[in-house]
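Asks:
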Amino acid sequence: MKFSNLNAKEKTASVGLIIFFSLISLVALFPVISLIVASFSPSSDLMRFGLAPELFFSAFTMENFDVLFGGEAGAYWRWYLNSLIISGVLIVISLFFSSLVGYALALYEFKGKRFIFILVLLILMIPFEILMLPLYTMMINLRLVDTYFGVMLPLIVAPITVFFFRQYCLGLPKELMESGRVDGCTEFGIYARIMAPLMLPSFAAMAILTGLMSWNNFLWPLIVLRSNDMFTLPVGLATLLTPYGNNYEILFSGSVMAIIPIIILFLFFQRFFIAGLTSGGVKG
Amino acid sequence: MSTKSERVSKKTSRSNILYSKTWAPYIFVSPFILSFLLLSLYPMISALNMSFQRVVPGQVEYIGFSNYERVFNPVFYTALQNTTIYVVWTVVILTIIPMILAIFLNHRLIKFTNFFRASIFIPALTSVIVAGTIFRMIFGESDAAFANQFIQFFGFEPVEWRYSAGTAMFLMVALASWRWMGVNVLYYLAALQNVSKDLYEAADIDGANAWQKFRNVTFPAIKPIFIFLSTITTINGFRMFEESFVFFETTSPGNIGLTMVGYIYSEGIQRNDMGFGAAIGIVLLGIIFIVSLIQLYLTGAFKKEDS
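From first to last, the protein sequence lines are chains A and B. Everything in the first sequence is counted per our numbering, starting at 1 for the first residue and increasing by one. Everything in the second sequence is counted per our numbering, starting at 285 for the first residue and increasing by one.
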């Protein structure tokens, strides 16, 4: 609808709505913008929390990033690398296993299928926090404390991912599986060569979701990781939040750098993610 | 070179399981079964078992219900109270405001919807630690901090945000609301796509006002999402830990920031009193279960004939 076609009352309403949402967007973006501004402001201004974050630079400086890139950042890049490795590996493993489970639940008929699906929904509802103490003792017994694998384990077959793949696969044509069988494909071959390519949008959406969950995951890594060198980015950054430290240069510039991979991942797969969040998730 | 018959026999001699429609699904779901047994069922039973034990490094002793007797202490009630207040606020804010925003964003008179959607979604991408850093900066203790300048502009006294119960709760709720608002708006927007335009036209012809249209056309269409969001926001609220941790680490003045999960963490992990931590966990599970049931009952999710 063109703006010029609207009557006077509608024009006022339209302008009003746009102003309203501009304000909402400003509130939503303000914290992120002020973080970016703070990261380019002199750290002396930030020595104490609470110096006013402004929308404009008081004095533009790169000194915070110099600390980060000049080798004074301590274990920061190690945390970054840990997070990249954990999230990267997790995306691959989790997407592979979860898609297989969701695919089987949607497209095969087998005994116990309903039961397994109910289990998926049930685990979705049990808070992980209830299980974390026994899982922690288990990690100690399996000697997985302070390892990448220990951090990844609980997310490898995330029920939410399985659920999403199942919903998505319900819409795939079963006939293609038959024709694959006629051509002599193995059952796994049918999944890998015929059906997986059709599932690409859901892979994209779940890559973002898994990446986001893993990159921002905090409580479990906090529990299972011990040494500074093994920390993931959120756990490492949290250690800088103490009242005693004066590592605000790293905290601010490092926080900005921490958002970048997730923004890239998001922009790359955005179309699928929004669609994925809103279509597969919940229906009536 | 192999003949055709040789190739056929080679294929049938290959492990049949690769071609079996009966076995394939079981192999495909096996990672889930394994993960369920190892990472859900076993810890579940183990948590229950642990809650009756005194777990000291190297030895385990069954002590009956005494962990549970210890659970109901003043600190627990503080944690429960904080968590409950947090749940109520986040449920109210994160179900109702996104609904209003989504309805406006779906209005035919609004422009630039993609930009607005994206900008309110961006907070969801930040980790709670990064977001918390920003919030601690904005709501700093000094008079010069942004939030204090803002309220001073309106004639109020500057506030030490992190040091009193009311404002501490405000910070935690504000942080969660800021991060999750956009996601919930998206959910509502998706639901609104299902509302047929004809229904609004029919309502217009009947002379319905805006409220009547909302009650009779819009709300019934988004009610499933409303129920879904209020349920998961409740569960997530009871699970809250990070919003509190980012402001207070594990100790807040007078436990104003202590949550149920924070209590499990400090007792179970920090003080290594696993049995007691597990008992708090089981009590928490019971609370979540009861609250969810009540909520589903009140919202009518159990009524099948609901239209």
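For glycine and all other residues, C-beta sits at the position ideal for the given N, C-alpha and C.
1) In terms of DSSP beta bridges, what is Arg338 of chain B paired with?
2) Give me the chain A residues within the contact set of Glu441 of chain B, using Cβ-Cβ distance strictly less than 8 Å, ordered along the chain.
3) Find the residues of chain A that neighbour Arg338 of chain B, judging by a C-beta separation of less than 7 Å, and give them in chain order.
4) For a contact meaning CB atoms closer than 9 Å, what does Ile262 of chain A contact in chain B?
5) Starting from Thr417 of chain B, find everything on chain A with Cβ-Cβ shorter than 8 Å and list it in chain order.
6) Would you be able to state if there are at least three C-beta pairs under 8 Å between the stretch 494-503 of chain B and the stretch 402-412 of chain B?
7) Have a look at Tyr352 of chain B and Arg338 of chain B and give me their C-alpha separation to the nearest angstrom.
8) Taking Trp318 of chain A as the query, report the chain B residues whose CB atoms sit under 8 Å from its CB, ordered along the chain.
9) I need the straight-line Cα distance from Tyr547 of chain B to Ile194 of chain A, nearest angstrom please.
10) Taking the straight line between their C-alpha atoms, what separation do you get for Phe40 of chain A and Glu72 of chain A?
11) Measure the alpha-carbon distance for Phe316 of chain B versus Val157 of chain A and round it to whole angstroms.
12) Of all the CB atoms in chain A, is at least one closer than 9 Å to the CB of Ile380 of chain B?
13) Please confirm whether Met199 of chain A and Ser98 of chain A have their CB atoms less than 9 Å apart.
14) What's the call for Thr306 of chain B, buried or exposed, on a 16-neighbour Cβ count within 10 Å?
15) Under 9 Å between beta-carbons, which chain B residues line up against Ala258 of chain A? List them in chain order, please.
16) Check the Cβ of Ala562 of chain B against every Cβ in chain A and list those closer than 8 Å, keeping chain order.
17) Below 9 Å between beta carbons: does that hold for Leu364 of chain B and Ile130 of chain A?
18) To the nearest angstrom, report how far apart Asn217 of chain A and Thr147 of chain A are at their CA atoms.
19) What would DSSP say about Glu441 of chain B, mapped onto helix, strand or coil?
20) Give the interface partners of Glu10 of chain A over in chain B, defined as CB-CB distance under 7 Å, in chain order.
21) Return helix, strand or coil for Lys395 of chain B, following the three-state DSSP convention.
22) Nearest chain A C-beta to Ser465 of chain B closer than 9 Å, yes or no?
23) Can you look up Asp66 of chain A in the DSSP assignment and give me helix, strand or coil?
24) Just verifying my parser: in three-state terms, what is the DSSP assignment at Glu129 of chain A?
25) Write down every uninterrupted run of the alpha helix (DSSP H) in the stretch 69-140 of chain A whose length is 4 residues or greater and which is fully enclosed by it, in chain order.
26) When the Cβ atoms of the stretch 177-185 of chain A are set against those of the stretch 226-246 of chain A, are three or more pairs found closer than 8 Å?
27) Does the beta-carbon of Ile572 of chain B have 16 or more other beta-carbons within 10 angstroms, so that it is buried, or is it exposed?
28) Quick one: list the residues of chain B neighbouring Pro31 of chain A, beta-carbon separation under 9 Å, in chain order.
29) In chain order, what residues of the same chain lie with their CB nearer than 7 Å to the CB of Ile91 of chain A, ignoring the 5 residues before and after it?
30) Can you tell me which of B:Arg401, B:Val372, B:Phe400 and B:Thr451 puts its alpha carbon nearest to the alpha carbon of Gly424 of chain B?
31) Is there at least one Cβ from chain A nearer than 9 Å to Ser576 of chain B's Cβ?
32) Flag Gly491 of chain B as yes if its beta-carbon sits less than 9 Å from any beta-carbon of chain A, otherwise no.
33) Going by C-alpha to C-alpha distance, which of A:Val89, A:Lys111 and A:Ile116 sits closest to Gly102 of chain A?
34) Closer than 8 Å by C-beta to Leu6 of chain A: which residues in its own chain qualify, once you throw out the five before and the five after it? Chain order, please.
35) Closest to Thr379 of chain B by CA distance: which of B:Leu455, B:Pro508, B:Arg523 and B:Met456 is it?
Replies: Considering the structure as presented:
1) Numbered from its first residue, the second sequence carries residue 338 of chain B at position 54. In DSSP, Arg338 of chain B forms a bridge with B:Glu345.
2) The residue given as residue 441 of chain B occupies position 157 in the second sequence. Simply none; closest approach about 15 Å.
3) For the purposes of this step, residue 338 of chain B is taken as the residue at position 54 of the second sequence. Going along chain A, no residue has its Cβ under 7 Å from Arg338 of chain B, so there is no contact; the nearest lies around 14 Å.
4) By 1-based counting over the first sequence, the position of residue 262 of chain A is 262. Leu409, Thr410 and Ser411, listed in chain order.
5) Counting from one through the second sequence, the residue named residue 417 of chain B turns up at place 133. Near Thr417 of chain B (Cβ distances below 8 Å), the residues of chain A are Leu35, Leu237, Leu241, Leu251, Phe252 and Ser255.
6) no
7) Sequence index remark: in the second sequence, residue 352 of chain B carries index 68 (1-based). Sequence index remark: in the second sequence, residue 338 of chain B carries index 54 (1-based). Distance between the alpha carbons of Tyr352 of chain B and Arg338 of chain B is about 12 Å.
8) For chain A, the structure presents residues 1 to 284; residue 318 of chain A sits outside this window and is missing.
9) As a first step, residue 547 of chain B must be located in the second sequence, where it is residue number 263. As a first step, residue 194 of chain A must be located in the first sequence, where it is residue number 194. Roughly 50 Å between the two C-alpha positions.
10) Here residue 40 of chain A is taken as the residue at index 40 of the first sequence, counted from 1. Here residue 72 of chain A is taken as the residue at index 72 of the first sequence, counted from 1. Rounded to the nearest angstrom, the two C-alpha atoms are 17 Å apart.
11) The sequence position of residue 316 of chain B within the second sequence is 32, counting from 1. The sequence position of residue 157 of chain A within the first sequence is 157, counting from 1. The alpha-carbon atoms of Phe316 of chain B and Val157 of chain A are separated by roughly 6 Å.
12) Here residue 380 of chain B corresponds to residue number 96 of the second sequence, with the count starting at 1. With 9 Å as the cut-off, Ile380 of chain B does not count as an interface residue toward chain A.
13) Taking the first sequence and counting its residues from 1, one reaches residue 199 of chain A at position 199. Taking the first sequence and counting its residues from 1, one reaches residue 98 of chain A at position 98. No. Outside cutoff.
14) One-based indexing of the second sequence puts residue 306 of chain B at position 22. Exposed is the call here.
15) As a position in the first sequence, residue 258 of chain A is number 258, starting the count at 1. Simply Thr410, Ser411, Ile413 and Val414.
16) Here residue 562 of chain B refers to the residue found at position 278 of the second sequence. Near Ala562 of chain B (Cβ distances below 8 Å), the residues of chain A are Leu133 and Pro134.
17) Counted from its first residue, the second sequence places residue 364 of chain B at position 80. Counted from its first residue, the first sequence places residue 130 of chain A at position 130. No, the pair does not count as a contact, with Cβ atoms beyond the cut-off.
18) Position 217 of the first sequence holds residue 217 of chain A. Position 147 of the first sequence holds residue 147 of chain A. Spanning the two alpha carbons is a distance of roughly 15 Å.
19) Sequence index remark: in the second sequence, residue 441 of chain B carries index 157 (1-based). Residue state, collapsed to three classes: coil.
20) Position 10 of the first sequence holds residue 10 of chain A. By Cβ distance, chain B contributes Leu393.
21) One-based indexing of the second sequence puts residue 395 of chain B at position 111. It is coil, neither helix nor strand.
22) On the second sequence, residue 465 of chain B is found 181 positions in, with the first residue counted as 1. Residue 465 of chain B is actually Met in this sequence, not Ser. Chain A, which has a Cβ nearer than 9 Å to the Cβ of Met465 of chain B, makes this yes.
23) Walking along the first sequence from the start, residue 66 of chain A turns up at place 66. In the structure shown, Asp66 of chain A sits in a helix (DSSP, three-state: H, G or I).
24) As a position in the first sequence, residue 129 of chain A is number 129, starting the count at 1. Helix, per DSSP.
25) 76-107 and 113-125
26) no
27) Along the second sequence, one-based indexing puts residue 572 of chain B at 288. So Ile572 of chain B counts as buried.
28) Walking along the first sequence from the start, residue 31 of chain A turns up at place 31. Those are Pro407, Thr410, Ala415, Ile418, Phe419, Met421, Ile422 and Trp462, listed as they occur along chain B.
29) Along the first sequence, read from residue 1 onward, the residue named residue 91 of chain A stands at position 91. Counting only Cβ-Cβ distances below 7 Å, and skipping sequence neighbours, we find Ala207, Thr210 and Gly211.
30) For the purposes of this step, residue 424 of chain B is identified with residue 140 of the second sequence, where counting begins at 1. Residue B:Thr451 is the option with its Cα nearest to Gly424 of chain B.
31) Within the second sequence, residue 576 of chain B is the residue found at index 292, counting from 1. Answer yes: the Cβ-Cβ gap between Ser576 of chain B and chain A drops below 9 Å somewhere.
32) Against the second sequence, residue 491 of chain B aligns to sequence position 207. It does not: the Cβ of Gly491 of chain B has no partner Cβ on chain A nearer than 9 Å.
33) Sequence index remark: in the first sequence, residue 102 of chain A carries index 102 (1-based). Ranking A:Val89, A:Lys111 and A:Ile116 by Cα distance to Gly102 of chain A puts A:Ile116 first.
34) Walking along the first sequence from the start, residue 6 of chain A turns up at place 6. Answer for Leu6 of chain A: Ser14, listed in chain order.
35) Walking along the second sequence from the start, residue 379 of chain B turns up at place 95. It is B:Pro508.
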